[in-house]
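So the structure is just underneath, and the comments pick up after that.
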Amino acid sequence: MLKTILVPIDSSDTSLVAVDYAIELSKSFNSEIIGISIIDIKKFAGPFMRDLGTSIGGMVPYADFQQKVRKFLEDTSRAALDELEGKCNSANIPCTRTIKEGVVSKEIVESAQKCDMISMGMAGEHAMWRDALLGSNLESVARQTHKPIMVTPEKYKTITKILVAYDGSPFSTKALNTGAEIAQQMHLPLTVITVSDNKDTGEKILSKAEENLKNYEITHNTILESGETVDIVLSLCKNGSYELLVMGAYGHSKIRELILGSTTVQLMRKVNCPVLLYR
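Residue numbers (our numbering): 9 to 287.
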């Protein structure tokens, strides 16, 4: 399933955490890690840089100034990829590396077309200034790509239990199968949570999940809850010590609220484990 995992990396510590999680999965799936660092064209060709170059034009020709900025960004990208490669080599995980230039989210989405999964930090090098749910690049990638994307937190923690948020929708079923395959490959227990205010409906949804899980040799259990989706999932992740949350996009019940909407903002700001979004 996971032959290749794309890891976009910058100079931030959070992107190195994404490397750590990619390595953990790679050990079980014999995956290759594809490291990519993107020189953001907006950093040296945007209006601000043009204005800055013009303002100091009397001291340094703009073309020379632009080249100096590009070289600095190239050096930064190489240094980040050196760290990624070092981590992979230490873990005996095969990796390839590349530097691209362009719009960050666009380059990531295009590169992901040849990969099976993306592992990406919740916020990159501008984390301390973010005022929204995700880093702007991550949010853009999450909305555009049709590949599974693992959104990683600020700190790495070994995965020992997996929680799948399930509502019976097609995307949710794909997420369930992905979670089950990871659990099987990594020999981990899996829990399926459904949130429904109607007990009969919730039990039917979990029955469908049980049917899907018959295809996997894993230890699993199911939970049916009613109430506020975010609070319930957060409580389970924290009190149940789950280190990976898996969910599918575009469902048709309360679980749907978790996917890149207002509820997602609350969840992702508070959750302390990686979240695997399946689209």
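Quick reminder that beta carbons are idealized off the backbone N, C-alpha and C, glycines included. In this text, all values refer to a predicted model and were calculated from it rather than measured experimentally.
Exercise. Quick one: what does DSSP say R105 is sitting in, helix, strand or coil?
Worked result: Locating residue 105 in the sequence shown gives position 97, counting from the first residue. R105 falls in the strand class under three-state DSSP.
For this session: Using beta-carbon positions only, say whether V254 and V172 come within less than 8 Å of one another.
Result: To locate residue 254, count along the sequence shown from 1; it is residue 246. To locate residue 172, count along the sequence shown from 1; it is residue 164. Cβ atoms of V254 and V172: closer than 8 Å.
Exercise. What's the gap between the Cα of E147 and the Cα of L221?
Worked result: Working through the sequence shown from its first residue, we reach residue 147 at position 139. Working through the sequence shown from its first residue, we reach residue 221 at position 213. Rounded to the nearest angstrom, the two C-alpha atoms are 31 Å apart.
For this session: Whole angstroms is fine: what's the gap from H134's alpha carbon to K11's?
Result: One-based indexing of the sequence shown puts residue 134 at position 126. One-based indexing of the sequence shown puts residue 11 at position 3. Only weak support exists for where H134 lies, its pLDDT of 46 falling under 50; the value from the coordinates is given anyway. Going from the Cα of H134 to the Cα of K11 covers about 30 Å.
Exercise. When burial is assigned at 16 or more other CB atoms within 10 Å of the CB, is P178 buried or exposed?
Worked result: If you number the sequence shown from 1, residue 178 lands on position 170. When all chains shown are included, P178 counts as exposed.
Exercise. Helix, strand or coil for E40 per DSSP?
Worked result: Residue 40 sits at position 32 when you count from the first residue of the sequence shown. Note: E40 maps to strand in three-state DSSP.
Exercise. Which partner residues does A173 have in the DSSP bridge list?
Worked result: Stepping through the sequence shown from its first residue, residue 173 is reached at position 165. Bridge partners of A173: I201 and M255.
For this session: May I have the straight-line CA-CA distance separating P102 from D28, to the nearest angstrom?
Result: To locate residue 102, count along the sequence shown from 1; it is residue 94. To locate residue 28, count along the sequence shown from 1; it is residue 20. Computed Cα separation, rounded: 14 Å.
For this session: For D48, name the three-state secondary structure that DSSP assigns.
Result: Taking the first residue of the sequence shown as position 1, residue 48 is located at position 40. Of the three classes helix, strand and coil, the one that applies to D48 here is strand, per DSSP.
Exercise. For the beta strand (DSSP E) that S127 lies in, which residues bound it at each end?
Worked result: For the purposes of this step, residue 127 is identified with residue 119 of the sequence shown, where counting begins at 1. Run containing S127: M125 to G129, per the beta strand (DSSP E) assignment.
For this session: Compute the distance between the beta-carbons of A30 and I41, then report whether it is under 8 Å.
Result: Residue 30 sits at position 22 when you count from the first residue of the sequence shown. Residue 41 sits at position 33 when you count from the first residue of the sequence shown. Their beta carbons are under 8 Å apart, which means A30 touches I41 by this criterion.
Exercise. Within this structure, are the beta carbons of V203 and I240 separated by less than 8 Å?
Worked result: By one-based count along the sequence shown, residue 203 stands at place 195. By one-based count along the sequence shown, residue 240 stands at place 232. Cβ distance < 8 Å, so V203 and I240 count as in contact.
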